[in-house]
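Trainee:
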Amino acid sequence: MRMISNVGTGVVGAPACGDLMKLQVKFDGSGKIVDARFKTFGCGSAIPASSLATEWVKGKSMEEVLTIKNSQIAKHLFLPPVKLHCSMLAEDAIKAAVKDYQKKQGEANGETFEA
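Each residue of the sequence shown is one higher than the one before, starting from 983 at the first, in the numbering used here.
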């Protein structure tokens, strides 16, 4: 799903603990996410946070997934306060993947973006 125009990729990390999360979301023609995948290098809380993010975004629109908050992920996984950064990574990865998808769509339509 790397360079496909209907796939958004978000890569985020937490330098303090070394966690790295890559989330990819695939959109259909109507703007719904039809597939999501992740690759995470991190602690035992970062991996389930990534997995949960992929489950929660499937079947949802771009607008719907942008309402997913790290606090919801943390609550669902019963993360202790010291592991909240893992849920923040998941939220940030979702936002980054959507932003990447939007950028690809803009480029496909001849729009340009500032870095």
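Backbone N, C-alpha and C define an ideal beta-carbon position, used for all residues, glycine too.
Please confirm if the region 1019-1027 is in contact with the region 998-1005, defined as three or more CB-CB distances below 8 Å between the two stretches.
Mentor: yes
Trainee: Lys1051 lies in the alpha helix (DSSP H); which residues open and close that run?
Mentor: Run containing Lys1051: none; DSSP gives neither H nor E here.
Trainee: Given a cut-off of 8 Å on the beta-carbon distance, is the pair Val1064 and Gly990 in contact?
Mentor: no
Trainee: Hey, would you say Ala1018 sits closer than 8 Å to Lys1004, going by beta carbons?
Mentor: Contact flag unset, no.
Trainee: Per DSSP, what kind of secondary structure is Ala1075 in: helix, strand or coil?
Mentor: helix
Trainee: Does Ser1043 come out as helix, strand or coil in the three-state DSSP assignment?
Mentor: strand
Trainee: Consult DSSP for Gly995 and reduce its assignment to one of helix, strand or coil.
Mentor: strand
Trainee: Mind checking Ile986: buried by the 16 CB within 10 Å criterion, or exposed?
Mentor: exposed
Trainee: Where His1067 and Asp1082 are concerned, what is the direct C-alpha to C-alpha distance, given to the nearest angstrom?
Mentor: 22 Å
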